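Novice:
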Amino acid sequence: MQVKHFPGLSAYEPLFEEMRRFTEQRHDDTEDQIWQVEHLPVYTLGQAGKPEHILNANNIPVIRTNRGGQVTYHGPGQVVLYPLINLHRAHLFVREYVNVLEEAIIQTLTQFGITTAQRKEGAPGVYVPMPEGDLAKIAALGVKVSNGCTYHGLALNVAMDLSPFYGINPCGYAGLRTVDMRTMGVQAEWQEVADVLTQKLMLILPQHHSN
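In terms of UniProt numbering, the sequence shown opens at residue 1 and continues consecutively.
#1: When you compare only the Cα positions, how much space is there between G148 and Q36?
#2: Confirm, please, whether the CB-CB distance from H91 to V71 is below 8 Å.
#3: Identify every residue that forms a DSSP beta bridge with V37.
#4: Looking at the unbroken beta strand (DSSP E) that takes in Q191, where does it start and where does it end?
#5: At what residues does the beta strand (DSSP E) containing N157 begin and finish?
#6: Given a cut-off of 8 Å on the beta-carbon distance, is the pair V94 and V126 in contact?
#7: In this structure, how does DSSP classify T108 when only helix, strand and coil are distinguished?
#8: Measure from the alpha carbon of G172 to the alpha carbon of each residue in F22, Q25 and G69, then state which is nearest.
#9: Of the residues M181, H5 and Q25, which one's Cα is nearest the Cα of Y82?
#10: Just verifying my parser: in three-state terms, what is the DSSP assignment at Y173?
#11: In its own chain, which residues sit with a C-beta less than 8 Å from the C-beta of W190, not counting the 5 before and 5 after it?
#12: Report the residue from E102, I204 and P7 whose alpha carbon sits nearest the alpha carbon of P124.
#13: Note down, in chain order, each residue of its chain lying with its Cβ closer than 7 Å to the Cβ of I204, except the 5 sequence neighbours on either side.
#14: Based on the DSSP output, what are the partners of H74 in its beta bridges?
#15: So, for G169: in the same chain, excluding its five sequence neighbours on each side, which residues have a beta-carbon less than 6 Å away from its beta-carbon?
#16: Would you identify the three-state DSSP class for P131, choosing helix, strand or coil?
#17: Taking Q25 as part of the alpha helix (DSSP H), name the residues at either end of that continuous run.
#18: In angstroms with no decimal places, state the Cα-to-Cα distance between T183 and R89.
#19: Once DSSP output is grouped into helix, strand and coil, what is the label at R95?
#20: Who does Q187 pair with in a DSSP beta bridge?
#21: Alpha carbon to alpha carbon, how far is T44 from G185? Give it in angstroms, no decimals.
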């Protein structure tokens with residue numbers, strides 16, 4: 001498994017094209033990769049994403065993409081991982097793969113002291129309970145599978161300006177609250193969180209990395 005870090009803030013579209021190109025060109029013996037990315041501000045609409053879920057883009061670019069899910073926001077202070085995984089080789093179905101991504105996020109948050117992170121039935125991603133009693137989203141998922149290989153991935157909010165989330169119905173849910181690790185009382189560096197999340201994911205994925 002190769003880990004690739006993109007330094008600085010990355011524009012979304014060039015990486016999207018690079019992911020797609022890598023996935024289209026890979027062979028059965030191509031080594032799986034995990035890309036660590038921090039994006040410039042962008043809203044992305046999933047394949048079936050409805051534009052009405054964008055309430056106020058406020059000069060943030062809106063890009064249509066081919067992942068699953070509705071609309072989400074990427075920006076500084078958010079760890080984005082793009083796992084480029086051959087699911088056939090890992091003996092994983094898509095639903096199992098989504099569970100793997102969620103489990104890696106939950107284990108990462110637990111390591112940083114957020115022990116209440118949880119899944120939500122029918123709504124992929126990871127959530128944390130708030131004092132008011134509602135669940136707030138701290139991590140989002142969006143996956144595309146082509147010829148049994150994944151791209152796109154997950155986004156974990158570390159220390160962000162959360163205001164752009166108010167410009168959308170996050171993941172298509174009106175009124176869904178979005179939080180980051182800092183809101184939950186955790187002070188952590190972006191790279192530290194990215195590395196822990198990458199390690200957790202590599203440990204949970206079946207060990208089929210020697211090609």
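The beta-carbon is built from N, C-alpha and C at its ideal position, and this holds for glycine as well.
Predicted, not measured: the structure shown is a model, and the values here were computed from it.
Specialist: So, from the listed chains and residues:
#1: Residue 148 sits at position 148 when you count from the first residue of the sequence shown. Residue 36 sits at position 36 when you count from the first residue of the sequence shown. Computed Cα separation, rounded: 21 Å.
#2: Along the sequence shown, read from residue 1 onward, the residue named residue 71 stands at position 71. Along the sequence shown, read from residue 1 onward, the residue named residue 91 stands at position 91. It is not a contact, given that the beta carbons lie outside the stated cut-off.
#3: On the sequence shown, residue 37 is found 37 positions in, with the first residue counted as 1. For V37, which the question treats as bridged, DSSP gives the partners V80.
#4: Looking up residue 191 in the sequence shown gives position 191. It is not in any beta strand (DSSP E) - Q191 instead sits in the alpha helix (DSSP H) that spans W190 to I204.
#5: As a first step, residue 157 is located in the sequence shown; it is residue number 157 there, counting from the start. First-last of the beta strand (DSSP E) with N157: C149 to N157.
#6: Stepping through the sequence shown from its first residue, residue 94 is reached at position 94. Stepping through the sequence shown from its first residue, residue 126 is reached at position 126. Against a cut-off of 8 Å, the Cβ pair of V126 and V94 comes out as no contact.
#7: Taking the first residue of the sequence shown as position 1, residue 108 is located at position 108. Three-state DSSP puts T108 in a helix.
#8: Walking along the sequence shown from the start, residue 172 turns up at place 172. For the residues F22, Q25 and G69, the minimum Cα distance to G172 belongs to G69.
#9: Stepping through the sequence shown from its first residue, residue 82 is reached at position 82. Nearest option by C-alpha distance: H5.
#10: Residue mapping note: residue 173 aligns to position 173 of the sequence shown, counting from 1. DSSP places Y173 in coil when its eight states are reduced to three.
#11: Here the question's residue 190 lines up with position 190 in the sequence shown. Only E38, G77, V79, V158 and A159 meet the Cβ criterion.
#12: In the sequence shown, the residue the question calls residue 124 occupies position 124. Closest by alpha carbon: E102.
#13: Against the sequence shown, residue 204 aligns to sequence position 204. So the list reads V100, E103 and A104, once near-sequence residues are dropped.
#14: What you label residue 74 is simply residue 74 of the sequence shown in a count that begins at 1. H74 pairs with V42.
#15: The sequence position of residue 169 within the sequence shown is 169, counting from 1. A small fix is needed here, since residue 169 is Asn in this sequence, not Gly. Here the set comprises H53.
#16: As a working mapping, residue 131 is identified with position 131 in the sequence shown. In this structure, P131 counts as coil in the three-state DSSP scheme.
#17: Looking up residue 25 in the sequence shown gives position 25. It spans Y12 to Q25 - the alpha helix (DSSP H) in which Q25 sits, taken as one unbroken run.
#18: Walking along the sequence shown from the start, residue 183 turns up at place 183. Walking along the sequence shown from the start, residue 89 turns up at place 89. Computed Cα separation, rounded: 38 Å.
#19: Position 95 of the sequence shown, counted from the start, is the residue given in the question as residue 95. R95: helix per DSSP, three-state reduction.
#20: Counting from one through the sequence shown, the residue named residue 187 turns up at place 187. DSSP output for Q187 lists no bridge partner at all.
#21: To locate residue 185, count along the sequence shown from 1; it is residue 185. To locate residue 44, count along the sequence shown from 1; it is residue 44. When rounded, the distance between both Cα atoms is 28 Å.
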